[in-house]
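Okay, so here's the structure we're looking at.
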Amino acid sequence: MQNLKFFLKIIFTGAVAFLLQLYLPWWSIAFAGFLISFILSSSVVLSFFSGFLGISIYWGALAFFIDNANNHILSTRVAEIFSLPNSAILILITAIVGGLIGGFGALTGSQLRNIILPVRKF
Amino acid sequence: MIRLSISLVITISLIYILNTKLGPAPPLGKFLDPVNGFWANAESGPRIDESVNIPGLQQPVKILYDSLLIPHIFAENDADLFLAQGYVHARHRLWQMEFQTHAAGGRISELIGEGALDYDRGQRRKGMVFGAKNFIDNLDDSSKTVIEKYLLGVNYFIENLEYASFPFEYKLMGYAPEKWTLLKSGLLYKYMSDMLNSHERDLENTNFKMLYGKEMMDLIYPDVDSYEDPVVDKTGQWKFEPITKEHIAANASNKESITFNLVAKPDPRNGSNNWAVGPEKSATGNPILCNDMHLGLNMPSLWFYNQLNTPNMNTLGHSLPGIPLVITGFTDSIAWGFTNAQRDLVDWYLIEFEDATHDTYLLDGAYQPTKKVIEEIKIAGGKTYYDTVVYTLFGPVMYDDSFRKTSAKKGYARRWIDHDPSNGFEMFYFMNSAKNIDDYLDALDRYSSPAQNIVFASSKGNIAHKVQGKFPLRGFEEGKYLLDGTSSKNNWSQYIPNDQNAFWKNPERGFVSSANQYPADSTYPYYITATMYESYRNRTINETLRNDSSITIDDMKKLHYNNFSLKAKESLPTMLQYVNNSISTTDKQKEMIALLKEWDYEFSVDSKAATFYDQWYRQAFRDTWDEIRNKKYSLYYPTNFSFVRLMKTDPNNIFFDDKSTQEIESAEDIIARAFDKTVDNVSEKGLNDWATHKSTYVQHLSRQRPLGVYNIRASGAGGDVVNATGSNHGPSERMIVELDPEGVKAWGHYPGGQSGNPGSYYYDNMVEAWATGKYFDLVLYASPEEAKNTIFSQTLTPAK
Numbered sequence: 001m002q003n004l005k006f007f008l009k010i011i012f013t014g015a016v017a018f019l020l021q022l023y024l025p026w027w028s029i030a031f032a033g034f035l036i037s038f039i040l041s042s043s044v045v046l047s048f049f050s051g052f053l054g055i056s057i058y059w060g061a062l063a064f065f066i067d068n069a070n071n072h073i074l075s076t077r078v079a080e081i082f083s084l085p086n087s088a089i090l091i092l093i094t095a096i097v098g099g100l101i102g103g104f105g106a107l108t109g110s111q112l113r114n115i116i117l118p119v120r121k122f
Numbered sequence: 123m124i125r126l127s128i129s130l131v132i133t134i135s136l137i138y139i140l141n142t143k144l145g146p147a148p149p150l151g152k153f154l155d156p157v158n159g160f161w162a163n164a165e166s167g168p169r170i171d172e173s174v175n176i177p178g179l180q181q182p183v184k185i186l187y188d189s190l191l192i193p194h195i196f197a198e199n200d201a202d203l204f205l206a207q208g209y210v211h212a213r214h215r216l217w218q219m220e221f222q223t224h225a226a227g228g229r230i231s232e233l234i235g236e237g238a239l240d241y242d243r244g245q246r247r248k249g250m251v252f253g254a255k256n257f258i259d260n261l262d263d264s265s266k267t268v269i270e271k272y273l274l275g276v277n278y279f280i281e282n283l284e285y286a287s288f289p290f291e292y293k294l295m296g297y298a299p300e301k302w303t304l305l306k307s308g309l310l311y312k313y314m315s316d317m318l319n320s321h322e323r324d325l326e327n328t329n330f331k332m333l334y335g336k337e338m339m340d341l342i343y344p345d346v347d348s349y350e351d352p353v354v355d356k357t358g359q360w361k362f363e364p365i366t367k368e369h370i371a372a373n374a375s376n377k378e379s380i381t382f383n384l385v386a387k388p389d390p391r392n393g394s395n396n397w398a399v400g401p402e403k404s405a406t407g408n409p410i411l412c413n414d415m416h417l418g419l420n421m422p423s424l425w426f427y428n429q430l431n432t433p434n435m436n437t438l439g440h441s442l443p444g445i446p447l448v449i450t451g452f453t454d455s456i457a458w459g460f461t462n463a464q465r466d467l468v469d470w471y472l473i474e475f476e477d478a479t480h481d482t483y484l485l486d487g488a489y490q491p492t493k494k495v496i497e498e499i500k501i502a503g504g505k506t507y508y509d510t511v512v513y514t515l516f517g518p519v520m521y522d523d524s525f526r527k528t529s530a531k532k533g534y535a536r537r538w539i540d541h542d543p544s545n546g547f548e549m550f551y552f553m554n555s556a557k558n559i560d561d562y563l564d565a566l567d568r569y570s571s572p573a574q575n576i577v578f579a580s581s582k583g584n585i586a587h588k589v590q591g592k593f594p595l596r597g598f599e600e601g602k603y604l605l606d607g608t609s610s611k612n613n614w615s616q617y618i619p620n621d622q623n624a625f626w627k628n629p630e631r632g633f634v635s636s637a638n639q640y641p642a643d644s645t646y647p648y649y650i651t652a653t654m655y656e657s658y659r660n661r662t663i664n665e666t667l668r669n670d671s672s673i674t675i676d677d678m679k680k681l682h683y684n685n686f687s688l689k690a691k692e693s694l695p696t697m698l699q700y701v702n703n704s705i706s707t708t709d710k711q712k713e714m715i716a717l718l719k720e721w722d723y724e725f726s727v728d729s730k731a732a733t734f735y736d737q738w739y740r741q742a743f744r745d746t747w748d749e750i751r752n753k754k755y756s757l758y759y760p761t762n763f764s765f766v767r768l769m770k771t772d773p774n775n776i777f778f779d780d781k782s783t784q785e786i787e788s789a790e791d792i793i794a795r796a797f798d799k800t801v802d803n804v805s806e807k808g809l810n811d812w813a814t815h816k817s818t819y820v821q822h823l824s825r826q827r828p829l830g831v832y833n834i835r836a837s838g839a840g841g842d843v844v845n846a847t848g849s850n851h852g853p854s855e856r857m858i859v860e861l862d863p864e865g866v867k868a869w870g871h872y873p874g875g876q877s878g879n880p881g882s883y884y885y886d887n888m889v890e891a892w893a894t895g896k897y898f899d900l901v902l903y904a905s906p907e908e909a910k911n912t913i914f915s916q917t918l919t920p921a922k
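Protein chains in written order, with the working numbering: chain A, 1 to 122; chain B, 123 to 922.
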C-alpha cells in the first residue's frame, strides 16, 4: 500500500510539475512536490524522495529525449563548457538539480501537513 | 514548526541560488530546466512549417528553407520583403547581431566587466557611435524605407521572445536581448567599415620617420611595393582631366615620438580575392565571377545566405545579419563581389589645446571652442564609467591625457571617412535589383564606404571592375604622417570624382581581378597611399587566368584552392643560398635543406616543407624587425614583399642587425641563424605536416572554445597564398557564379552554417566542405512553386 502510494506520489509530482511549467517559471516545480506531499501523507523521508524522484525523473527523462533527438550536439558543447566529461553527466545534473527543488518542496509540504492536519494512522 | 521553517528556508534558498547568476556562470536551475533552459535550444528534426502573424505586413510572405537552411523569401513588395528579412535574420542570428553591435559601439564592459573598458573607450573615441549616428541621420529615402521595415521584423521577433526561446548565448551568459534600433544597424555597418578601412599608420609612420629618417621610410615602407598587375591597368589610357589639389595639408611640426600604446588595429590580413572571366575565355562562353573575402574566422558566421524575391528584385547572396539586403551575390542577370580597396581613409591631426580643460583649441590663429560628448560606459559588476570625448573640426580626439599619456595641452584627432554621412544602403538596394552594367555603375555611384574593389559580370557577357569609395584628394604623401591640426585648410575638402575612380570593362585580356593590390597602373593621375597593398595573390591569380583560354567551373574551384606561394618562390632560394654560404654540418640541417629544395612551394595539407619554411621565415622576420617588436615607440611591421626585397637587395641594411648582440649582423647572418633556430626547434618538437601545424579553427565570438570548431585540416596559408586559409583567418566565404543567360548558376560555402544556434546541425555543417573544397549549389528561384529541396517553410501573414 505504502509502495503504491509512494509510486503514485512520484507520478503525480511529475505530472503536476509538467502542468505548472506550461505557465510558470522553472522553480514552480517546488510547488508540485509541495502540493502532492501536502495532499498525500507519508513520512517526511518518503515525501522528500517522492518529490525528488518525481521531478528528477521528469526532468531527466525530458533532457534525455531532447538530447537524443538532438544527437547530443548541444549537450556535448555545454558539458565541455562546464568541464564535465560527457552529456550523460549533464543530464544527471539536470535531474539532480530539479530533484532537489522538488524534494525540498515536498518536504515542506509534508511538514506543513503534519502541523495543520492531524496525523492519521491506518 | 521549526522543521517546517527549516525546510521552507532551504527550499527558498535553493531556488534563489539556482535562479541567480553567479559570477560568469548562468543561473543554474533556470539554465538546466529542460523545458525552458538551454535544453530548449537543442534542435531536432524534422521541422514543422510555421505560420506567423506580423503587424505591419501588407501581403503574405512565403519563406522556403532549402536543405542548407537558406531562406528563399518571396514577397509581393519590397517593404514586406525587408520586414521578412529582419524577422529571418533575428530568428537565426539574433545573439550575434547584438553582440557585434555591442563590440562596435564599445559596450563589451556591460557584458564582461572592467577588463573591456579600455577597448570600449577606444571604440567610442574612434568615433564608431559618432559615425553610426551620422550614418543613420542622413539616410536616403530608399535606405530609410528598407531599414524601417527591417527594424519592424527584427523587433517583432524580439518582442515575442520568452526565456525558453532566447538564443543559447543569452542563457549561457545570463542576459537578455534589447530592442533593435536604427543605431544598432548603423553600428554594424561601421563595424564592417572599421574592419576594412582603419588600417592607417599615420602615427607609426611619424615615429618611424623621426627615428630612422625619410630615406629609410621610403625604402622600407614605399607607397607602392609593385606596380605589377594592378586592379585596373589602363596604362596611358586615362582620358579624364584630373582635378587639382588647392591646398596640401602640412604635417604637424611634432618633435616628440608617440610613445603611448595605440589601440589594436584590425587584422592586416583582412582582404579578399575576386575576379571575373569574360565570354571569350570561359569554356561555356558564359562569364564567370568568383569572390572570397578574407576575414577573421568566427562562429556564428559573419555571413548569412538568403534569397530576396519581389516583383522588383530577385537576388541571392551573402547578407550581414543586422543589416538588410544582400551585400555580395547575384541577381537573375548579374553578379558582383568585393575585395578591400586598402586606401588610406583615416588621417590624424595634432590638436593644440589652450589649456588642460580642453575647452578650446587653436584653429586658424584663434582659440575655438571644442565640443564635448560624455560617453557612458556601463560595467558589469562595477560602477558606470563616464568618458569625456572632445570633438574638433577634424573629428574626435582619440588620444589625450585622459586616454593614454599625452601632454595635457595636446590631443590627437582622428579623421575617418566613415564619420561622414554617406548614402546608407542605397548602393546595395540598387545592386540587388541590377540587370546590367549600367545598373551596376549607377549603384556604385551611390557608394562611399567602406571603399572596395567591386567586380562585376553579367549574363549579357560584360565583365568590369571598379575601385569605388569616397577618396579624399591627396597631394604627394599627404595624409601619410601626423597632420597639423591648427589650420582648417588642412582638413579634407576635395574628393576624387566617382567617374575618375579606377574602372575598366571588358579588357582585352578577357578577365578582371583584384586581390588587395595597388589599384591602378603608374599612369593613373592621382596620388594613392595605403598602409599596404598585396603583391603576391594578384600575380598568382592573373597568371593562372592569363594562361587558361578555356576556363571551367572546376578551374575556378582550383584557383580558390590554389596553395602556391609566390612569396616562398621569391624568398626561399635566397634564404637557402644564405644558409649554404654559412657552414651547415649536422644531419638534421642537411635533411631540412634537402626537404626544402624538393618543395614545390605548395601549402598543401601534408607538406612538411611548408611547415619548415613558414617557421623559418617567421623566425627570420621576427629577428630582423626586433627594433619594431621591442617597441618603445608605436611602429608596425613592413610587408612581406618589402622584407623579401630587402633581404635580396639590401642585405646590409641596419635592420638586419640584431640589437641584442655585439657584432653587426647582415641578412645572411640573420637568416642562417633563424635556420639554425628552426632546425633546433624541429629537432626538439618534431616537424608536423602543414595542416596539423597550422591547425585552423573557427572561434566563437565569445571565445568559448566548446562553441567553436577546432583542429580543422585545411590547405592554404594566410596572406600571400590565393587560398588564404590561415589558422584563425581566411576565406569567410567562397562564391562562384556562372552568368548563364538560361539561368544564373552559383556555388559556394562558408566556414560555419546558416543557423546561429550551437544546438543546431546547421550551426557548423558547412565547415568541412569549406576546408576540403566541396561547394553547395546556391539556387535562385523565380517563384515559390519552383523551389526544390525545401525542408520547411514559414508563412508570414499580415496581423489583423
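The beta carbon of each residue, even a glycine, is placed where N, CA and C say it ideally should be.
Predicted model only: the values in this text are computed from it and were never measured.
- Spanning the alpha carbons of B/Gly444 and B/Asp324 requires a straight line of approximately 32 Å.
- Taking each of B/Leu823, B/Tyr832 and B/Thr818 in turn and checking the Cα distance to B/Gly838, the smallest one comes out for B/Thr818.
- Taking 9 Å as the threshold, the shortest C-beta distance from B/Tyr285 to chain A falls below it.
- Look at B/Asn319 here: in three-state DSSP terms it is helix.
- Taking CB atoms only, A/Leu100 has a neighbour in chain B less than 9 Å away.
- Taking every protein chain shown into account, the CB of B/Gly546 has 16 or more other CB atoms within 10 angstroms, so this residue is buried.
- At a cut-off of 9 Å, the C-beta of A/Asn3 has no neighbouring C-beta in chain B.
- Less than 9 Å separates the beta-carbon of B/Pro853 from that of B/Trp892.
- By the neighbour-count criterion, in which 16 or more other beta carbons inside 10 Å mark a residue as buried, B/Met123 falls on the exposed side.
- Runs of the alpha helix (DSSP H) spanning 4 or more residues and lying entirely within the region 238 to 325 of chain B occur at 239 to 248, 250 to 259, 263 to 281, 290 to 295 and 304 to 319, in chain order.
- Boundaries of the alpha helix (DSSP H) harbouring B/Tyr700: Leu688 to Asn703, taken from the DSSP string.
- A/Ser75 belongs to the set of residues whose beta carbon lies under 9 Å from a beta carbon in chain B.
- Chain A places a beta carbon closer than 9 Å to that of B/Ala164, counting this residue as a contact.
- Minimum Cα-Cα distance from B/Leu318 among the listed residues B/Arg740, B/Gln359 and B/Met415 corresponds to B/Met415.
- The region 448 to 459 of chain B makes contact with the region 574 to 590 of chain B: 3 or more CB pairs, one atom from each, lie closer than 8 Å.
- The beta carbon of B/Thr653 lies closer than 6 Å to those of His321 and Arg323 in the same chain, with the five residues before and after it left out.
- Looking at the DSSP output, B/Trp538 shares a beta bridge with B/Val468.
- When secondary structure is reduced to three states using DSSP, B/Met421 falls in the strand class.
- Sequence-distant partners of B/Ile750 (beyond 5 residues in either direction) whose C-beta falls short of 8 Å from its own C-beta, in its chain, are Leu757, Tyr758 and Tyr759.
- Contact annotation: the region 133 to 145 of chain B does not touch the region 256 to 273 of chain B, with fewer than three C-beta pairs closer than 8 Å.
- The beta carbon of B/Gln737 sits closer than 6 Å to those of Thr800, all from its chain and outside the five residues before and after it, given in chain order.
- In this structure, B/Arg596 lies away from B/Lys336, with their beta-carbon atoms at least 9 Å apart.
- Using a Cβ distance threshold of 9 Å, B/Leu902 and B/Leu438 count as a contacting pair.
- Rounded to the nearest whole angstrom, the C-alpha separation of A/Gly51 and B/Pro299 is 35 Å.
- Under the three-pair Cβ rule at 8 Å, the region 31 to 38 of chain A counts as touching the region 5 to 13 of chain A.
- Pairwise C-beta distances place the region 152 to 162 of chain B in contact with the region 54 to 66 of chain A, as three or more of them are shorter than 8 Å.
- Under the three-state reduction of DSSP output, B/Thr453 falls in the strand class.
- Taking a 10 Å sphere around the C-beta of A/Leu8, we find fewer than 16 other C-beta atoms and assign the residue as exposed.
- Contacts with chain A at 9 Å (Cβ-Cβ) do not include B/Gln639.
- For B/Val820, DSSP records a beta bridge to B/Val831.
- Contact between B/Tyr603 and B/Asn373 holds: CB atoms are separated by about 5 Å, below the 8 Å threshold.
- Assignment of B/Tyr334 by DSSP, reduced to helix, strand and coil, places it in the helix class.
- For B/Met857, the secondary structure class from DSSP, reduced to helix, strand or coil, is strand.
- For B/Pro156, the closest Cβ of chain A is nearer than 9 Å.
- When the five nearest sequence neighbours on each side are left out, the beta carbons in the same chain lying within less than 6 Å of the beta carbon of B/Tyr649 are those of Arg596 and Phe598, in order along the chain.
- Around the beta carbon of B/Tyr832, a 10 Å sphere encloses fewer than 16 other beta carbons of the protein chains shown; the residue is thus reported as exposed.
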